[in-house]
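Colleague: Heads up: the sequence shown begins at 0 in numbering that gives the first Met the number 0, then just goes up one per residue.
Built from N, CA and C at the ideal position, the CB exists for glycine as well.
Next up is a structure, given as structure tokens.
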Amino acid sequence: MASVTPIASGASQTGKAYTYVDHSYDVIVVGAGGAGLRATLGMAEQGFKTACITKVFPTRSHT
């Protein structure tokens, strides 16, 4: 029977806990309430590469 060494959840074959991925954005909006989503949409419509970061699921904002 073959021996299998378990890898911790999220760990890669290199032994690192995370695989880092570089991202490049023109605009980063923090907060996905009404104003944050509108700002994100407006910047994206103007052609900016845009990211919107929130602490909650997007449809669960307080707005």
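Thinking C-alpha only, which one of R59, C51, V55 and F56 is nearest D25?
Modeller: Of the listed residues, the one whose Cα sits closest to D25 is C51.
Colleague: Along the beta strand (DSSP E) that carries A50, what are the first and last residues, could you check?
Modeller: Residues T49 to I52.
Colleague: Does the beta-carbon distance from T49 to V20 come in below 8 angstroms?
Modeller: No. Outside cutoff.
Colleague: I'd like to confirm the pairing. Which residues does DSSP put opposite V28 in its beta bridges?
Modeller: Answer is C51, bridged to V28.
Colleague: Going by alpha carbons, who is nearest to T62 out of Q45, A38 and G33?
Modeller: If we check each option's Cα against that of T62, G33 comes out closest.
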